[in-house]
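Before any comments, here is the structure.
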Amino acid sequence: PLVTHAAIVEQLADVVREHVRVDVHEAAALADLAVLIARGVGTDEALARALRARANAHWFCNELKLAVEVFEQAARLFEGIGNHAELGRTLSSSIQSLILLGEYTRALAAADRARAIFTAVGDDRRLARLDLNVANVFHRQDRLAEALASYERAYERLLPYQDVEGIGVALHNMAVCLIVLNDFERALSTYERAREHCARAGMPVLVAQADYNIAYLYYFRGDYSRALDMLRAARVACQNVGDPYHAALCNLDQSDIYLELNLSVEATEMASAARQQFEALGIGYEAARSVANMAIALGQQGEVFRALELFGEARARFEREQNSVWPSVIDLYQALVLSNAGRHFEARRLCAAALTFFRASSLHRKAILCELLLARIELHTDALPQALAHCTEALAHAEAMDAPVLDYQARFLKGQIEEAAGDGASAYESYQAARARLEALRSVLWGEDLKIAFMSAKLVVYERLVDLCLDRPEDDRQASEIFEYIEQSKSRSLRDLFFERVRPMRPADDSQSELVRQIRTLREELNWYYHRVELEQLGRDDRSPERLADLQAQVRNREQTFIRVLREMPVADRESVGLHDTEAITPDEVRATLGPDAALIEYFAVGDCILAAVVTAGDLTIVPLTTASRVRQVLRMLQFQLAKFQFGPEYLAKAGDGLLEATEDHLQELHEELLAPLDVGSHRRLVIVPHDLLHYVPFHALFDGRSYVAETAAVSYAPSASVYALCCRRPAPVSGTSLVLGVPDARAPFILDEVQAVARRLPNVDLRIGEDATVAALREVGAGSRILHIATHGFFREDNPIFSGVRMGDSYLTLHDLYDLRLPADLVTLSGCGTGLQAIAGGDELRGLVRGLLAAGARSILVTLWNVHDVSTAKFMTFLYRHLEAGMDKATAVQQAMAELREQCPHPYYWAPFILVGAGGPIG
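Just so we're aligned, residue 2 is where the sequence shown starts under the working numbering, counting upward by one.
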């Protein structure tokens, strides 16, 4: 039988109040039990206490309307029996639910009644608690200074009482105020104090919430690596303590970060998970944001129908939430997706509607985005006067706002419109102005516009300048100007390290200059303010035009300071803050790295047309070649032939010599398209700088009908001429270990033979095999190694190259991990399947392991273009290191090792997957 006693109800209510921050579901069950017992007791006092406990549980479960209703029932019962002290407690407890429901008048009325009661009975502790709730009302009404003062007053008044719960809430809410007041350091330290306090007090729910809020602060400051790690940990903690709301917020924030990093697949997954969680909780605004993020991510992936469907759903959700800004933002995103799909009439209608709203709402930056998109739509529909009008309007506003990124976009688009109108001279001037603006920006942070897909095409201006130069009559300046534009394009994208905002900057120390410290602080502050602006524009609450204007002014001031400080910063200091000099290399500087018998061939594409810039000891020539569509067709057939080697030995035996003949046919076709017109046959050394799909072409294996290129020339590769020169200029280590790591398994048992053979050829060798071939060994020993050889399985993630990597003895080493390493080796060899595969992003930006190793400091890298045969690979490596041991330079050693392997295995599949990237000279 159920025990019915008033003391038990009171005890259960106390347990609920304490346990609700530990396990909210268990606390809710105890509250229901208290109500059941109270009804058996039969007194209003017992029932009122039980109902108040149940209301608290409703509040912690985000069941706000139920919470208010039950608080009111409890308050009526306490008032009816004349228990004013408990009435005051109940009124004070109800305030937070009323605030979140937007019932501010009722909340303040409850606070006034409670204050009168607590003052009359002299309950200073309850008055301090009441200050917390009143401060929450001030915060929601944007009375931030008053809110912060109330929180601080409550905190000081609660300290003598050791009110652990109240102190934790005060610290948390002080931090929230400090965020809105843009005081990052105080906000972070306050959250850390709150976390420490709650951990000591045994309140795991508040510890998990503090972890989430600290992660959110790092996201705002642009420290995405730390934010992602902390969000993952906070999500697990929130799930473990029964806090589904903050667990869902972790997923939503992760989707925001992934969108800003253009990791659209991951963004879709996280936003979808968040949507399901918020829907289950009945929280409309965050659910709508989750749906919007799903739509944006799918739009980035080209899934037009599904993206538009979700945009429509998100818009309807925001309208139900009575959010005035997000529907127009959705219209802009939909217009972009529709325009990319060629549905320009629908795109124009939506974009014009969004523009009208943004103008009326003083959201000037988003209005400029609308003008630019409308200009692009009119350009695509040949309405050139209208396109120019929109573009001119956007440019005027961008200049007035001092918005350099949008200014660049407007000038570039103006050049496109003028070029379409046949005014090449004006187009050239506009493109030059756009280029100058882009160069002035250097490594600028792109801020709130990151999710707008067409904003990311920063480097197309160089392609248009090359095309205009090709159209004009030849003169002494033409070739060098074209080469300059090609290199500015490539060197800019390839020197700005991929995932730059995720790569940690070198730790601050006392030896760094004041300019370095300023840049470090400015980058963090700019990220902070960009996110604060977006939050202000898109938040669910009433927007404050004054606060938005202040935030935008803070952004402009810091952008101007950032660019000024960067101009003043010595080149040597830029690396320490993740910034890089973007000046392009000149033909004479390239020649200084080449011998008299060498040629550097740098490919480039303008639209579908491929051209080559050939730099030799005495000349620079620009040669138009073929079409990308033609090369793509032949390359696809070559890759089909190479893929047949995965069918197994029985198939290969049946196919016989036909496989070699078919492969050589395609290699000869590529030779005729890409090399034959260049007249470089007399050069014994070739440095190939591919472009776009040409990164997948084995130039050293191209066939002229009689011989392969590698039979007459030592071939090396580079991402750009500038990167090649930098690799050559990097100091070669004259001593150090030779670190050899091997991870053999049943699929590749010959890896063991390979690494043992390699180790016998190298001086001062440190050989690690299997579980001993760890990331820690690479980090510790690799930093001082002259030669680094890793034999293992590689994998390439074409959808998200940042997660490409190789298998190690204890984990996986990804591109992201490489950015944290320092590997200044003379030669790094990745002996595995497809370790040289790259994804090609805008501006010919490579995203793969080669990029990560160059960023880590390697002078040269040996990788593979396709899945390799482990027996032939072991032979190749044995040949290679024997030649290096004899003092042969790296490019020639690779050439000779290929020749020896070709004698035993004639098909290029076996001897041609290996490419040397970077400096091809001798080991230092």
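By construction, the Cβ of each residue, glycine as well, lies at the ideal position given by its N, Cα and C atoms. These numbers were taken from a predicted model, which means no experiment stands behind them.
- With a contact defined as Cβ atoms closer than 8 Å, ALA336 and ALA298 miss out at about 17 Å.
- HIS667 and LEU636 have their C-alpha atoms roughly 8 Å apart.
- Put simply, the region 851-870 does not touch the region 759-777. Fewer than three CB pairs are less than 8 Å apart.
- Taking the Cα of LEU99 as reference, the smallest distance to any Cα among PHE312, PHE605, ALA68 and MET204 is reached at ALA68.
- Secondary structure note for PHE358: its alpha helix (DSSP H) is the uninterrupted segment 345-361.
- When the five nearest sequence neighbours on each side are left out, the beta carbons in the same chain lying within less than 7 Å of the beta carbon of LEU232 are those of ALA216, CYS251, ASP254 and GLN255, in order along the chain.
- At a Cβ-Cβ threshold of 9 Å, LEU133 and TYR152 count as neighbours.
- Approximately 4 Å separates the beta-carbon atoms of GLU379 and ALA388; this is inside 8 Å, confirming the contact.
- Secondary structure remark: continuous alpha helix (DSSP H) runs of at least 4 residues inside the region 66-121, in chain order: 85-101.
- Taken through DSSP and simplified to helix, strand or coil, GLY416 comes out as helix.
- Each of SER95, ALA111 and GLY89 was checked against the Cα of PHE119, and the nearest Cα belongs to GLY89.
- Sequence-distant partners of ALA898 (beyond 5 residues in either direction) whose C-beta falls short of 7 Å from its own C-beta, in its chain, are PHE877, PHE880, LEU881 and HIS884.
- As the crow flies, the alpha-carbon of ARG360 is around 55 Å from that of ASP620.
- DSSP places THR522 within a helical segment (H, G or I) once states are collapsed to three.
- Approximately 4 Å separates the beta-carbon atoms of PHE72 and SER95; this is inside 8 Å, confirming the contact.
- Secondary structure note for ILE788: its beta strand (DSSP E) is the uninterrupted segment 786-792.
- In the DSSP assignment, PRO625 falls outside any alpha helix (DSSP H) and within the unbroken beta strand (DSSP E) covering 621-628.
- Between LEU653 and GLN642, the C-beta spacing is not below 9 Å.
- Taken through DSSP and simplified to helix, strand or coil, ARG307 comes out as helix.
- Rounded to whole angstroms, the Cβ separation of ALA176 and TYR192 is 5 Å, and the two are in contact under 8 Å.
- Taking a cut-off of 8 Å for Cβ pairs, the region 709-719 and the region 737-755 do not touch, as fewer than three such pairs fall below it.
- One alpha carbon belongs to GLN647, the other to CYS470, and they sit about 46 Å apart.
- Residue pairing by DSSP puts ASP767 in a beta bridge opposite LEU740.
- In this structure, the CA atom of GLU590 is about 43 Å from the CA atom of LYS645.
- Under the Cβ criterion (8 Å, minimum of three pairs), the region 866-873 counts as touching the region 896-914.
- Under DSSP, ALA599 forms a beta bridge with ARG686.
- Judged by DSSP secondary structure, LEU337 falls within the alpha helix (DSSP H) whose first and last residues are 327-341.
- DSSP, reduced to helix, strand and coil, places ARG731 outside both helices and strands of the structure shown, so it counts as coil.
- With 16 or more other CB atoms across the displayed protein chains lying within 10 angstroms of its CB, HIS198 is buried.
- The residue among GLU662, LEU48, ALA777 and LEU172 with its C-alpha nearest the C-alpha of LEU207 is LEU172.
- Per DSSP, reduced to three states, the secondary structure at ASP476 is coil, with no helix or strand assignment.
- Contact annotation: ARG686 and GLY596 have beta-carbon atoms nearer than 9 Å.
- Unbroken beta strand (DSSP E) runs of no fewer than 3 residues, entirely contained in the region 158-226, are not found.
- Taking the Cα of GLY123 as reference, the smallest distance to any Cα among TYR156, HIS85, ALA148 and LEU101 is reached at HIS85.
- Inclusion of ARG557 and ASP332 in the CB contact set at 9 Å is not warranted, their separation being larger than that value.
- The beta carbons of ALA629 and ASP693 sit about 7 Å from each other, so the pair counts as a contact at 8 Å.
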